[in-house]
Amino acid sequence: MKESCSQTEHYPMSDESVGNLQEPFLAAALTDALGAANRLNSQMLIASNFGLVGAVNGNIVVKAPDWLYVPQVLPVPEGEIRRRYTPNLEGNPVGVVMEFLSDTEAGEYSIRPSFPYGKLFFYEKILKVPTYVIFESLAVVLEVRQLQDNQYVVQQPTEEGRYWIPELELFLGIWHGTRLGLTIPWLRWWDESGNLLSWSSEQAEQERQRADVMANQLKEERQRNHMLMAKLQELGIDPNTLS
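Residue numbers (full-length UniProt numbering): 1 to 243.
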């Protein structure tokens, strides 16, 4: 996600712009699956394009990752809206941040150690976020870094190409398919047993299919009963006399 934006002056749109349009869909899909699996609660903070605040040498630094997870935050006063988050001051440290790479500057990899600080440096050295995920959707590349001895270490995927995210106790990987009419590589969750966490739309479709199966079974049972009653009547047997 870019930290600043400018209007597109030329058409058609570049691949870079298309990547930007995908970012909110990717973030929403990650959160939707957690909600559908009943893995969300009111104490968590899960957000996208949301400001994380850090203070360094008297400077206030704000970075807005494309997706973030905080396990527990303090409630905001009644009538107020949480507009940004300061770790430790307003709740737990940030557990996971994700950036969806879509610009040529690759600021998501920046280790610039001076103001305004690179994103990787900010997450690693200032906020000390345990898990940092970078997803380049156009190249279909997923990288997961985990903090070890105060330094990010690139993790290796499983045989299925997935990464264990300990803060959420789930695997994260790439899934190719369609959601909301958009066919792209998606980021999706799998549980410890390798079961894919369904989106709410998929759960609704599964429920509809189950309802259709039950309705068809009931219809077939009624048809069998009607055929049996007709056969008994042909044999001169009154079905009502049968116990």
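No residue lacks a Cβ here, since even glycine has one placed at the ideal position from N, Cα and C.
Selected residue, minimal CA-CA separation from residue i, among the options
| i | options | result |
| --- | --- | --- |
| Trp175 | Val140, Glu99, Val73 and Gly79 | Val140 |
| Thr131 | Glu99, Leu138, Glu160 and Gly118 | Glu99 |
| Leu89 | Ala204, Gly54 and Arg112 | Gly54 |
| Ala28 | Ser42, Ser110, Ala230 and Ser48 | Ser48 |
| Glu202 | Glu23, Ala33 and Met214 | Ala33 |
| Leu196 | Arg179, Phe171, Lys219 and Lys231 | Phe171 |
| Ala37 | Arg208, Leu235, Asp191 and Leu232 | Asp191 |
| Arg82 | Gln43, Arg112 and Pro113 | Gln43 |
Residue span of the beta strand (DSSP E) that contains residue i, given as start and end
| i | result |
| --- | --- |
| Pro185 | Leu182 to Trp190 |
| Trp164 | Tyr163 to Ile165 |
| Met44 | Looking at the DSSP string, Met44 is not in any beta strand (DSSP E), and its letter there is neither H nor E. |
| Glu99 | Val96 to Leu101 |
| Asn50 | It should be pointed out that residue 50 corresponds to Phe in this sequence rather than to Asn. Run containing Phe50: none; DSSP gives neither H nor E here. |
| Ala148 | Here residue 148 turns out to be Gln, not Ala, going by the sequence shown. Taken as a continuous stretch (DSSP letters only), the beta strand (DSSP E) holding Gln148 covers Val141 to Gln148. |
| Asn195 | Taken as a continuous stretch (DSSP letters only), Asn195 belongs to no beta strand (DSSP E), as it is neither H nor E. |
| Val73 | Run containing Val73: none; DSSP gives neither H nor E here. |
| Arg179 | Leu170 to Arg179 |
| Ile60 | Asn59 to Lys63 |
| Ile126 | From DSSP, Ile126 is part of no beta strand (DSSP E); its letter is neither H nor E. |
| Phe135 | Thr131 to Glu136 |
| Tyr109 | Careful: Tyr109 lies outside any beta strand (DSSP E) and carries neither H nor E. |
| Tyr152 | Gln151 to Val154 |
Whole-angstrom C-beta distance between residue j and residue i, which should lie under 8 Å
| i | j | result |
| --- | --- | --- |
| Ser200 | Gly35 | 7 Å |
| Phe121 | Arg84 | Not confirmed; about 19 Å, so no contact. |
| Leu26 | Trp189 | The pair is not a contact, with the Cβ atoms about 13 Å apart (cut-off 8 Å). |
| residue 271 | Val96 | The chain is shown from 1 up to 243; residue 271 falls before or after that span and cannot be answered. |
| Leu168 | Phe135 | The Cβ separation is near 16 Å, so there is no contact. |
| Leu45 | Lys63 | Not really, about 15 Å apart at Cβ, beyond 8 Å. |
Short Cβ contact (8 Å threshold) for residue i with residue j
| i | j | result |
| --- | --- | --- |
| Val76 | Asn92 | no |
| Val133 | Val144 | yes |
| Leu127 | Pro65 | no |
| Arg162 | Gly173 | yes |
| Gln155 | Gln146 | yes |
| Leu30 | Trp67 | yes |
| Lys119 | Glu108 | yes |
| Val94 | Val61 | no |
| Met229 | Pro239 | yes |
| Asn150 | Phe115 | no |
| Tyr117 | Val56 | yes |
| Ser110 | Gln22 | no |
Go through the stretch 201-226 residue by residue and report every complete run of the beta strand (DSSP E) that reaches 3 residues or more, in order.
none
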